[in-house]
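Protein chains in written order, with our numbering: chain A, 1 to 378; chain B, 1 to 378.
From the three backbone atoms N, C-alpha and C, an ideal C-beta is built for every residue, glycine too.
Remember, it's a predicted structure, so these values are computed and weren't measured experimentally.
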């Protein structure tokens, strides 16, 4: 992967146009480390630290200079004992157990739904505030499902030091990326109906899927049969319907997350959403083609202005040079890019828009959003 | 490309499930050749024979056992003199000139819009029936725009031997693949509005673009900067808005082709269409996510039955094994595959469906459709 992920840095044409994370080198002086490992600040735990999102948790915590008193890196027995480098120090990964959460203020979970279901409540019981990246608790009533730029009020009153634990759910990556762009427009003209088609990266299925895409691509280029371990079919130079299980109604679970999570995050049970989720041979950023139907009129110039002023959004919409958002351009970036903003010719007047959105699935789609939630807890 | 296109054959999981062209070996006995180069049958000309579609014209003519008295292979001065192998014979490519069409009954054009504009009318003048794969004449009033399975009546009365030339336009590849699936449903329940998002292969930009995708992929895997000649940005492990010029209204030309050609082919000026056209790193087959709004109710089981019985359509819709159409599976195939057939939850009752369609862009999207048109001229 090294070569490939690096190439994603090197060859992104408009790399500089997107907002970079607060530019802080990952290698920090020991002074700096002493400063962040200070007496004040919360005690953190990162669950699933050896995974793609777990690793991204660490780099986002560093990039954003997240203050903490102590940090505990947790993973399964299999990974326990491994050493992980963080802020120029070497940490030993500890095995996740019920005792892991003694004295923990904030626990960032990204170890899959079953781990969250088993250990999330235990962590809360012990007084930790859990920010969970899995789908385990997203639709549970009373559990805030939060995109900080969209519905911060949903977690009102939940703070470190309030004397009790709590659960906060991180939405699905495709939902976060879509709603980052759709919400500012929704606030202005109220979205009645949304038709979404996704172009989802390998990273959504984890680091192993990214490795498999690279391996398969090498194999296909050499005329060899592709190795299919993570996905049951060829991914290289191909695309396929999202691998999530397909439900009774014909939608797959990924698509239903977009339908249901949108309603909960917008607190609008009437909004109509349909989605078709497709896996494309791209490494780590998702793209989404979003068709919007509004209750009130909204012309494209107003929409463009609204998006230019929206937090976390970068408008890339240069028609003359045919420069619009691409997954490569947002890879390893915080900003969600929006372009192809245009009046939908298939709707009357200014009641419809088509937009194209790209966001880093590992970063804003997962780790960054969770750390932003954690920042609101301080 | 050899290794890669071959790998597309070898590793397509469900290769056998799609209808293969009339299985006829490309190497034919000289008897067979004498038989097809007989006194009867039309005299053919293939314009742009050295291009990706031009080459596909030849293999489709062979696969379908198209009868002809003589065949003339035409290209630009640059390619003139090259030898092309066809039906086990070696043919010399001739330079395209005004005289090329003397005595030609049917001329298959795929050499770009400007060549069609210059030489199409000349060929017609000389009594040839031109089947043009470019966009030059598609929207010209009086020029039939034909998908044989959809609107054969549009070319009624145009036959070889009617004593005059004529122009027939081959629709845009994305339009053909979309309407192959949408038309049978439209006939049953009348499509009011269609929202399309495409996943388009390199082949749509020609053989050079397919080579560039393969070259870039090798370069990126080696950590080298990708060569960007055909496209101005990295295509390997990336995707981007279709490279067609963007118009005043914010749609690119590819998208407007889908909007306008659908109206003409369906002879329905009221049908509402919006499209977002995206280039994905796939070699030669397009995929399309299509959301349909109907005037009359149409439940998904009826829709599936209608599609199973539709000519040129293969339904691949296995929810339990998550097996749906993929570009790889339809590559080098005639059939257009349809799956993910489901009631659209964002519409009331049975007035909406979501479907996912894949078709070989070079074959049904171009060469096959043109040869099918030619067959109707006999």
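Handout entry: chain B contact for residue 233(A) (CB, 8 Å cutoff)
Key = yes
Handout entry: CB contact check: residue 300(A) to chain B, cutoff 8 Å
Key = Interface flag for residue 300(A) against chain B is set, since a Cβ pair is found closer than 8 Å.
Exercise for the section: Compile a chain-ordered list of the residues in the segment 185-208 of chain B whose CB is closer than 7 Å to at least one CB of chain A. Expected result: 193, 195, 197, 199
Problem - Reference residue 205(B); option with closest CA among 152(B), 281(B), 41(B), 269(B) - result: 281(B)
Exercise for the section: Could you tell me whether any Cβ in chain B is nearer than 8 Å to the Cβ of residue 289(A)? Expected result: yes
Problem - Pairwise C-alpha distance: residue 271(A) and residue 151(A) - result: 16 Å
Handout entry: Min CB distance residue 308(A) to chain B below 8 Å
Key = Residue-level contact check: residue 308(A) does not touch chain B, since none of the beta carbons of chain B fall below 8 Å from its beta carbon.
Practice task
Could you please tell me which residues of the segment 332-344 of chain A, in chain order, have their CB closer than 9 Å to any CB of chain B?
Solution key: 339, 340, 341, 342, 343, 344
Problem - Straight-line gap, residue 167(A) to residue 91(A) (C-alpha atoms, nearest Å) - result: The C-alpha of residue 167(A) lies about 26 Å from the C-alpha of residue 91(A).
Exercise for the section: Identify, in the order they occur along the chain, each residue of the same chain with its Cβ nearer than 7 Å to the Cβ of residue 233(A), setting aside the five sequence neighbours on each side. Expected result: For residue 233(A), the CB contacts under 7 Å within the same chain, skipping 5 residues up- and downstream, are 240 in chain order.
Problem - Inter-residue spacing [alpha-carbon to alpha-carbon] between residue 372(B) and residue 147(A) - result: 53 Å
Practice task
From the DSSP output, in three-state form, read off residue 224(B) for me.
Solution key: Residue 224(B): coil per DSSP, three-state reduction.
Problem - Segment contact flag, the segment 282-302 of chain B with the segment 184-204 of chain B, C-beta cutoff 8 Å, min 3 pairs - result: Output reads yes: the segment 184-204 of chain B touches the segment 282-302 of chain B.
Handout entry: chain A contact residues for residue 294(B), given Cβ-Cβ distances below 9 Å
Key = Going along chain A, no residue has its Cβ under 9 Å from residue 294(B), so there is no contact; the nearest lies around 14 Å.
Handout entry: Contact under 8 Å by Cβ, residue 174(A) with residue 323(A)
Key = With a cutoff of 8 Å on beta-carbon distance, residue 174(A) and residue 323(A) are scored as not near each other.
Problem - Outcome for residue 245(A) when other beta-carbon atoms lying within 10 angstroms are tallied against a minimum of 16 - result: exposed
Problem - Residues bridged to residue 89(B) (per DSSP) - result: 86(B).
Handout entry: Closer than 8 Å to chain B by CB, residue 217(A)
Key = yes
Handout entry: Every unbroken alpha helix (DSSP H) within the segment 313-348 of chain B, with a cutoff of 4 residues, ordered by chain
Key = 327-330
Exercise for the section: Identify the continuous beta strand (DSSP E) that holds residue 132(B) and give its terminal residues. Expected result: Its beta strand (DSSP E) spans residues 129-132.
Exercise for the section: Per DSSP, which residues does residue 194(A) bridge with? Please list them. Expected result: 273(A), 292(A)
Problem - Contacts around residue 61(B), its chain only, beta-carbon distance under 7 Å, and the 5 residues preceding and following it disregarded - result: 371
Practice task
Assign residue 141(A) to one of three DSSP states: helix, strand, or coil.
Solution key: coil
Problem - Where the alpha helix (DSSP H) containing residue 114(A) begins and where it ends - result: 113-125
Practice task
Give every residue of the same chain whose Cβ lies closer than 6 Å to the Cβ of residue 117(A), excluding the five residues on either side of it in the sequence, and list them in chain order.
Solution key: 136
Handout entry: Proximal residues of chain B, C-beta to C-beta of residue 210(A) below 7 Å
Key = Near residue 210(A) there are no residues of chain B at all, since even the closest Cβ is about 10 Å away, more than 7 Å.
Handout entry: At least three beta-carbon pairs within less than 8 Å, the segment 352-372 of chain A to the segment 45-59 of chain A
Key = yes
Handout entry: CB contact below 8 Å: residue 92(A) versus chain B
Key = No, residue 92(A) does not count as interfacial toward chain B.
Exercise for the section: Kindly indicate which residue of 110(A), 198(A), 284(A), 113(A) has the alpha-carbon position closest to the one of residue 276(A). Expected result: 198(A)
Problem - Three CB pairs or more closer than 8 Å across the segment 47-56 of chain A and the segment 346-355 of chain A - result: No, the segment 47-56 of chain A is not in contact with the segment 346-355 of chain A.
Practice task
Decide if residue 264(B) is buried, meaning its Cβ has at least 16 other Cβ atoms within 10 Å, or exposed.
Solution key: buried
Problem - residue 310(A) versus residue 317(B): straight-line alpha-carbon distance, rounded - result: 40 Å
Exercise for the section: Please work out which residues of its chain come closer than 6 Å, Cβ to Cβ, to residue 169(A), disregarding the five sequence neighbours upstream and downstream, and give them in chain order. Expected result: 132, 137, 138, 143, 145
Practice task
Could you please tell me which residues of the segment 262-283 of chain B, in chain order, have their CB closer than 7 Å to any CB of chain A?
Solution key: 272, 273, 274, 276, 278, 280, 281, 282, 283
Handout entry: Contact under 8 Å by Cβ, residue 258(B) with residue 202(B)
Key = no
Exercise for the section: Output, in chain order, the set of chain B residues within a Cβ distance shorter than 9 Å of residue 326(A). Expected result: 233, 234, 238, 239, 240, 241
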